[in-house]
Amino acid sequence: MNQALQLGFRTFINLSSFPVDPRKLGIGRLAPLRGKVMGSKRRSFSNPSSIADQNIDKKLRDAIDNDYYTISDNPILKDIKDDPSKIKAMTIQQLRTALRTAGIPPKGLKRELVSALQSYLAKEIDGESSLLADKQDPSNSDKRISMMMETKSVEDQVQDANSFSKVSEVQQSRRTVKQLQIKGKTVDVNAKIVATEQKKSACASGRMTSLTKKKASSDVDSKYVSAKNRVTLPVNQSEPWTILAHKKPQKGWIAYNPRTMRRSLPIENTKFVKILSWNVNGLRALLKLEGFSAMELAKQENFDVLCLQETKLQEKDVESIKQSLIEGYENSFWTCSNTRLGYSGTAIISRIKPLAVRYGLGISDHDSEGRVVTAEFDSFYLLSVYVPNSGDGLRRLAYRITEWDPSLGNYIKELEKSKPVILTGDLNCAHEEIDIYNPAGNRRSAGFTIEERQSFSTNFLSRGFVDTFRKQNPDVVGYTYWGYRHGARKGNKGWRLDYFLVSEAIADDVHDSFILPDVIGSDHCPIGLVLKL
Numbered sequence: 000m001n002q003a004l005q006l007g008f009r010t011f012i013n014l015s016s017f018p019v020d021p022r023k024l025g026i027g028r029l030a031p032l033r034g035k036v037m038g039s040k041r042r043s044f045s046n047p048s049s050i051a052d053q054n055i056d057k058k059l060r061d062a063i064d065n066d067y068y069t070i071s072d073n074p075i076l077k078d079i080k081d082d083p084s085k086i087k088a089m090t091i092q093q094l095r096t097a098l099r100t101a102g103i104p105p106k107g108l109k110r111e112l113v114s115a116l117q118s119y120l121a122k123e124i125d126g127e128s129s130l131l132a133d134k135q136d137p138s139n140s141d142k143r144i145s146m147m148m149e150t151k152s153v154e155d156q157v158q159d160a161n162s163f164s165k166v167s168e169v170q171q172s173r174r175t176v177k178q179l180q181i182k183g184k185t186v187d188v189n190a191k192i193v194a195t196e197q198k199k200s201a202c203a204s205g206r207m208t209s210l211t212k213k214k215a216s217s218d219v220d221s222k223y224v225s226a227k228n229r230v231t232l233p234v235n236q237s238e239p240w241t242i243l244a245h246k247k248p249q250k251g252w253i254a255y256n257p258r259t260m261r262r263s264l265p266i267e268n269t270k271f272v273k274i275l276s277w278n279v280n281g282l283r284a285l286l287k288l289e290g291f292s293a294m295e296l297a298k299q300e301n302f303d304v305l306c307l308q309e310t311k312l313q314e315k316d317v318e319s320i321k322q323s324l325i326e327g328y329e330n331s332f333w334t335c336s337n338t339r340l341g342y343s344g345t346a347i348i349s350r351i352k353p354l355a356v357r358y359g360l361g362i363s364d365h366d367s368e369g370r371v372v373t374a375e376f377d378s379f380y381l382l383s384v385y386v387p388n389s390g391d392g393l394r395r396l397a398y399r400i401t402e403w404d405p406s407l408g409n410y411i412k413e414l415e416k417s418k419p420v421i422l423t424g425d426l427n428c429a430h431e432e433i434d435i436y437n438p439a440g441n442r443r444s445a446g447f448t449i450e451e452r453q454s455f456s457t458n459f460l461s462r463g464f465v466d467t468f469r470k471q472n473p474d475v476v477g478y479t480y481w482g483y484r485h486g487a488r489k490g491n492k493g494w495r496l497d498y499f500l501v502s503e504a505i506a507d508d509v510h511d512s513f514i515l516p517d518v519i520g521s522d523h524c525p526i527g528l529v530l531k532l
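Residue numbers (numbering that gives the first Met the number 0): 0 to 532.
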């Protein structure tokens, strides 16, 4: 059966010529070890050149020298490590007990305790794997030590904050690099001093740390410290999606980390279907991309159905691609744009044979660009949809909100009279401020106008369809699209434009709604849904 699950294209894919780094498919590399930051002694920064000399003290040496505590040493932590989804179901008392066991102050509301435990779990899993890798390849250790600049607790942040009492005198300090020899190992200390007037400094979940000049109270949240002056420590650039990147982050928000937030598959003998959806931004270009293999993606995710958007295929291309599908995924259904060749296009590829398939919305004004494929299965309808972009200068905004969105909403409500509906694809709307890196700067940008966001609510959410990712992760910043300009993906400056919307009748049957930010090849990444049947 496993061979039947391997989706690929004989014509285009040759594993020997397109080697795949496993870190690029699946859930990516593990992040660096946790560690403490600089000590509590007061130091003066009146001379900027002395900053690097004074930032490394006994705390950092101890953090590097000590043997790291592993989750496997404690049954409570081991249990939630094996199934991170248990964290949100824990009571406040259980959360506090687990945090105390981990040596983390159990302070704050439940969501803050959950965030603290998730962050700790992510870093501890990374730390254990990193130690294992170092045993296998000792050369990795030296490289990893340079990234051990993460804080363990708020007490450390407050204590260390006193050492930066004169940091405001340094208005724009350049990056300073200092190498310190500790037990024969080279430690790279890379600290960027930032002096900005802010009421609150929001930190990345376990990846970026704000150090405050002010004295913080004992109930300060473990991810937020009020500050005027902030020191931003290095982050793991190999997993940029774990950076809490947002221009206006709110308290309690955390970055999406698939390593800790994806749920294990349902228990044995539970029937379920696994669906992936991906705006590939040109299928032929993707298949020619060195380092990408659809077959490897199928092996990694073992999906039942794959929905594609923006294939940019012409009718003449479809038959050759259909013929090249590997055994197990013979059921494929494609629609292409007739008005603009090599534009838009959607598809559904499945190893489950649907009962029926239809194309478009049944309205000629909307059906010439190949934007909708509907497949009917035993217990639900599945739609692969590529919603029109409002375009440069918002030239198609009126069409989008007055014609297309209402027509799509009416179409899925009509289908829902027979059975529940799953609508997936690039819906070209970042619905809330949490769904976009820079909300203030994009109020009149296509995909984030107030008109599009209201239309999204009016035509879909208010009519009984559930945003599965947001329901599962109300305070999680997870993006699915990053523009090619200005290194947006490297800095995780993205948008969440891709969705799984489901009928309320099956919303509670959604076992997992997830993002695969490490899968490259397009300006979008795949998203996934596991639905219990």
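Glycine included, C-beta positions come from ideal geometry on N, C-alpha and C. In this text the structure is predicted, and so the values were computed from the model without any measurement.
So, at 7 Å on beta carbons, what are the nonlocal neighbours of residue i in its own chain, with the 5 sequence-adjacent residues on each side left out?
| i | result |
| --- | --- |
| A439 | K246, K247 |
| R452 | C428, H430 |
| R110 | G251, D474 |
| L120 | I79, K80, P83, T259 |
Hey, could you find the ends of the alpha helix (DSSP H) residue i is sitting in?
| i | result |
| --- | --- |
| L382 | Premise fails: L382 lies in the beta strand (DSSP E), 380 to 385, not in any alpha helix (DSSP H). |
| Y410 | 404 to 414 |
| A487 | Premise fails: A487 is in no alpha helix (DSSP H) and is neither H nor E. |
| Q92 | 91 to 100 |
| E314 | 314 to 322 |
| Q299 | 293 to 300 |
| T259 | 257 to 260 |
| K80 | 74 to 81 |
| K531 | No alpha helix (DSSP H) holds K531; the beta strand (DSSP E) holding it covers 526 to 531. |
| L340 | From DSSP, L340 is part of no alpha helix (DSSP H); its letter is neither H nor E. |
Have a look at residue i and residue j and give me their C-alpha separation to the nearest angstrom.
| i | j | result |
| --- | --- | --- |
| V279 | W494 | 16 Å |
| R357 | W403 | 18 Å |
| S349 | S331 | 6 Å |
| R339 | G251 | 45 Å |
| F379 | P353 | 10 Å |
| E267 | K531 | 12 Å |
| K77 | S389 | 48 Å |
| K533 | T448 | No statement about residue 533 is possible, as the shown extent of the chain runs from 0 to 532 and does not include it. |
| T334 | F513 | 26 Å |
| E309 | I505 | 28 Å |
| S521 | R488 | 11 Å |
| E289 | P257 | 25 Å |
| E415 | T401 | 22 Å |
| P83 | D507 | 19 Å |
| F459 | V509 | 18 Å |
| V113 | K87 | 6 Å |
| F291 | I91 | 44 Å |
| R534 | L296 | Missing from the structure shown is residue 534; the chain here goes from 0 to 532 and no further. |
| Q313 | R484 | 28 Å |
| F163 | Q249 | Confidence at F163 is low in this model, with a pLDDT of 37, below 50, so the placement of that residue should be treated as unreliable; the coordinate-derived value is given next. Each residue's alpha carbon lies about 25 Å from the other. |
| D466 | D316 | 34 Å |
| A293 | K321 | 14 Å |
| L381 | G102 | 47 Å |
| E300 | N472 | 21 Å |
Cutting at 8 Å between CB atoms, please list the residues of its own chain near residue i, excluding the five before and the five after it.
| i | result |
| --- | --- |
| I75 | T96, A97, T100 |
| V386 | R370, R399, W403, D404, L407, G424, D425, L426, N427, C428 |
| G490 | P239, I242, A244 |
Going along the chain, which residues of its own chain have a beta-carbon closer than 6 Å to the beta-carbon of residue i, five neighbours each way excluded?
| i | result |
| --- | --- |
| K85 | I79 |
| K273 | F302, D303, V529 |
| N492 | In the sequence as presented, Asn is not what sits at residue 492; that position holds Lys. Hits under 6 Å: A244, Y436. |
| G527 | L275, F513 |
Tell me where the beta strand (DSSP E) around residue i begins and ends.
| i | result |
| --- | --- |
| S331 | 330 to 334 |
| T345 | 345 to 349 |
| K273 | 271 to 278 |
| A355 | 355 to 358 |
| A374 | 371 to 375 |
| L422 | 420 to 425 |
| L282 | Note, L282: premise wrong, no beta strand (DSSP E); alpha helix (DSSP H) at 282 to 287. |
| C428 | Unbroken run through C428: none, as it is neither H nor E. |
| L307 | 304 to 308 |
Is it true that the region 300 to 309 meets the region 359 to 369, where meeting means three or more beta-carbon pairs spaced less than 8 Å apart?
Judged by Cβ distances under 8 Å, the region 300 to 309 makes no contact with the region 359 to 369, as fewer than three pairs qualify.
Counting only runs that start and end within the region 498 to 523, where is the alpha helix (DSSP H) found for 4 or more residues in a row?
If we require 4 residues or more, the alpha helix (DSSP H) runs fully inside the region 498 to 523 come out as 503 to 506.
Does the count of Cβ pairs from the region 408 to 418 and the region 253 to 263 closer than 8 Å reach three?
Segments in contact, no.
In chain order, each beta strand (DSSP E) run of at least 3 residues that lies wholly inside the region 446 to 476
Within the region 446 to 476, the complete beta strand (DSSP E) runs of at least 3 residues are 464 to 466.
State whether the region 470 to 478 contacts the region 276 to 291, with contact taken as three or more CB pairs (one from each stretch) at a distance under 8 Å.
Because the criterion of three Cβ pairs below 8 Å is not met, the region 470 to 478 and the region 276 to 291 do not touch.
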